[in-house]
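Position one of the sequence shown corresponds to residue 8 (this note's numbering), numbered consecutively onward.
In what follows, a structure is listed as structure tokens, so that the remarks can point back to it.
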Amino acid sequence: MGFFRNTIALAFVATLLFYFATVGEMQENQQWIVIGIMVVLGLVFILSGTPDFELPAQPIVESKTVEAVSASSSEAVSKEDAETTPSEPTKTMSLKERKAAKILAAQQAQQAAMAATNDDKEVPMDVLPIVEVETVHVADEYVVEVSPESVEEADIQATVKERASRHSEIRARIETRRRSQMADIRASTSRMWEENVVREDLVAVLQNEGHGLSVLDEPLNPEPGHIYGATFIRIDDQRILKYRSQLDVGFEAVASTQDAPEPALPELPPLIGPDGKPLPLPDLPSPSGALAALKMEMDED
């Protein structure tokens with residue numbers, strides 16, 4: 008049987024390779040014939056692999072009922088022995104029947120174990136602790152009253168604040184631009200002065216050997232322990248003064264000048280009316296008046 012199946016498999020593979028190699032040259036009828044041959048070979052290969060034999064005879068396994076050995080002891084339960092006795096004469100069993108017998112035996116063993124467990128004494132449950140709930144505070148109701156006047160005033164304040172912030176930003180940009188322009192003007196002016204003024208590089212002249220100039224040091228004996236900077240000054244055609252000054256002295260802390268507090272202004276005398284009595288205070292402006300003032304400010308800007 009194995010040789011026959013191998014022969015069928017080789018024939019199927021050869022036919023498949025032949026079909027792939029000559030599929031472009033064959034006609035439609037020839038292609039269908041080759042496909043039919045491959046289908047027949049495949050069916051023969053599949054059907055020839057079905058086994059035809061019977062399993063060896065095995066006795067039927069049955070489990071007896073489980074008996075409890077000790078009824079007084081609730082914690083220890085003896086193991087039960089299952090005895091197998093042939094109920095019928097030995098006969099041939101299939102694989103399916105053997106699996107069913109094993110499943111039945113396992114179920115019976117599980118039921119016996121559950122019955123033994125139910126005989127044990129019930130374990131009392133632990134007493135749950137009592138949880139005390141603290142006093143719950145309910146939030147009070149908060150009511151916000153909104154009136155048209157308050158909404159209008161809030162809008163006016165927001166608009167004024169926005170315009171003030173915008174104006175401050177514009178002023179800051181203008182000031183920055185002016186500062187940069189002034190810096191450029193000053194830099195260009197100083198650069199122009201330096202280009203027009205003719206200066207002599209005395210350091211380069213003194214570095215040349217045989218310069219023929221006499222250098223006068225001032226002071227002759229500088230005080231040690233300081234940092235000195237040298238400044239060269241031409242006195243005439245033959246003499247140059249080398250003045251050494253201390254760089255770490257001469258700095259003074261500038262005291263911060265604070266403006267003196269302005270004297271308090273005297274209180275204005277009360278306004279006297281024609282009848283000799285002081286005039287009352289004017290009424291507060293209404294929201295519409297504040298809105299009109301804002302409009303006037305916007306028109307002025």
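Here a beta-carbon is modelled for each residue, glycine too, at the ideal position from N, C-alpha and C.
None of the values given here were measured: they were computed from a predicted structure.
Identify, in the order they occur along the chain, each residue of the same chain with its Cβ nearer than 6 Å to the Cβ of valine 222, setting aside the five sequence neighbours on each side. Position 215 of the sequence shown, counting from 1, holds the residue named residue 222. Cβ within range, chain order: Ile247, Lys249.
Secondary structure at alanine 271, three-state DSSP: helix, strand or coil? For the purposes of this step, residue 271 is identified with residue 264 of the sequence shown, where counting begins at 1. Correct three-state label for alanine 271: coil.
Three-state secondary structure (DSSP) of valine 319: The structure shown has nothing for residue 319, since the chain only spans 8 to 308.
What's the call for isoleucine 53, buried or exposed, on a 16-neighbour Cβ count within 10 Å? Against the sequence shown, residue 53 aligns to sequence position 46. So isoleucine 53 ends up on the exposed side.
Stretch-stretch touch, CB-based, cutoff 8 Å, three pairs: the stretch 205-214 with the stretch 227-247: yes
Distance between alanine 161 and threonine 196 (C-alpha atoms, nearest Å): For the purposes of this step, residue 196 is taken as the residue at position 189 of the sequence shown. For the purposes of this step, residue 161 is taken as the residue at position 154 of the sequence shown. About 52 Å.
Report the start-end ranges of each alpha helix (DSSP H) in the stretch 27-60 that is 4 residues or longer and not cut off at the edges. 35-54
Taking buried to mean at least 16 other C-beta atoms within 10 Å of its own C-beta, is leucine 227 buried or exposed? For this step, residue 227 is matched to residue 220 along the sequence shown. The residue is exposed, with fewer than 16 neighbouring Cβ atoms inside 10 Å.
Tell me the rounded alpha-carbon separation between threonine 183 and serine 175. For the purposes of this step, residue 183 is taken as residue 176 along the sequence shown, with counting starting at 1. For the purposes of this step, residue 175 is taken as residue 168 along the sequence shown, with counting starting at 1. Their backbone Cα atoms lie some 12 Å apart in a straight line.
Is it right to say leucine 48 is buried, meaning 16 or more other beta carbons lie within 10 angstroms of its own, or is it exposed? Counting from 1 along the sequence shown, the entry for residue 48 is found at position 41. So leucine 48 counts as buried.
Which one or two residues does DSSP pair with alanine 237 in a beta bridge? Residue numbering aside, residue 237 sits at position 230 when the sequence shown is read from its first letter. In DSSP, alanine 237 forms a bridge with Arg251.
Under DSSP, the alpha helix (DSSP H) around valine 256 begins and ends at which residues? What you label residue 256 is simply residue 249 of the sequence shown in a count that begins at 1. Segment: none, valine 256 is in no alpha helix (DSSP H) and carries neither H nor E.
Please state whether the Cβ-Cβ distance between isoleucine 177 and leucine 301 is less than 7 Å. Start at 1 with the first residue of the sequence shown, and residue 177 comes out as number 170. Start at 1 with the first residue of the sequence shown, and residue 301 comes out as number 294. With contacts defined by Cβ atoms closer than 7 Å, isoleucine 177 and leucine 301 do not form a contacting pair.
How many whole angstroms separate the CB atoms of valine 51 and isoleucine 15, which I take to be in contact at a CB cut-off of 8 Å? Counted from its first residue, the sequence shown places residue 51 at position 44. Counted from its first residue, the sequence shown places residue 15 at position 8. With a beta-carbon spacing of about 5 Å, valine 51 and isoleucine 15 fall inside the 8 Å limit used to define contacts.
Near lysine 106, what residues of its chain come up, given a Cβ to Cβ distance below 7 Å and the 5 sequence neighbours on each side ignored? Along the sequence shown, one-based indexing puts residue 106 at 99. Answer for lysine 106: no residue qualifies.
Which residues bound the alpha helix (DSSP H) around glutamine 214? The sequence position of residue 214 within the sequence shown is 207, counting from 1. Note, glutamine 214: alpha helix (DSSP H), 209-214.
Inter-residue Cα distance where the pair is valine 150 and aspartate 306: Counting from one through the sequence shown, the residue named residue 150 turns up at place 143. Counting from one through the sequence shown, the residue named residue 306 turns up at place 299. So the alpha carbons of these two residues sit roughly 39 Å apart.
Cα-Cα separation, leucine 286 to proline 273: Here the question's residue 286 lines up with position 279 in the sequence shown. Here the question's residue 273 lines up with position 266 in the sequence shown. Cα-Cα distance, rounded: 20 Å.
With DSSP as the reference, label isoleucine 279 as helix, strand or coil. Counted from its first residue, the sequence shown places residue 279 at position 272. Note: isoleucine 279 maps to strand in three-state DSSP.
Return the bridge partner residues of arginine 246 from the DSSP annotation. Position 239 of the sequence shown holds residue 246. According to DSSP, arginine 246 bridges with Ser221.
Assuming glutamine 214 and tyrosine 235 make a contact with CB atoms under 8 Å, what is their CB distance in whole Å? Taking the sequence shown and counting its residues from 1, one reaches residue 214 at position 207. Taking the sequence shown and counting its residues from 1, one reaches residue 235 at position 228. Glutamine 214 to tyrosine 235, Cβ: 19 Å. No contact.
Sort out for me which residues DSSP pairs proline 285 with in a bridge. Within the sequence shown, numbered from 1, the residue matching residue 285 stands at position 278. Partner(s): Ile279.
Sub-7 Å separation of arginine 251 and proline 229 beta-carbons: Locating residue 251 in the sequence shown gives position 244, where the first residue counts as 1. Locating residue 229 in the sequence shown gives position 222, where the first residue counts as 1. Taking 7 Å as the Cβ cut-off, arginine 251 and proline 229 qualify as a contacting pair.
Using DSSP with H/G/I as helix, E/B as strand and the rest coil, what is isoleucine 137? Mapped onto the sequence shown, residue 137 falls at position 130. Three-state DSSP puts isoleucine 137 in coil, outside helix and strand.
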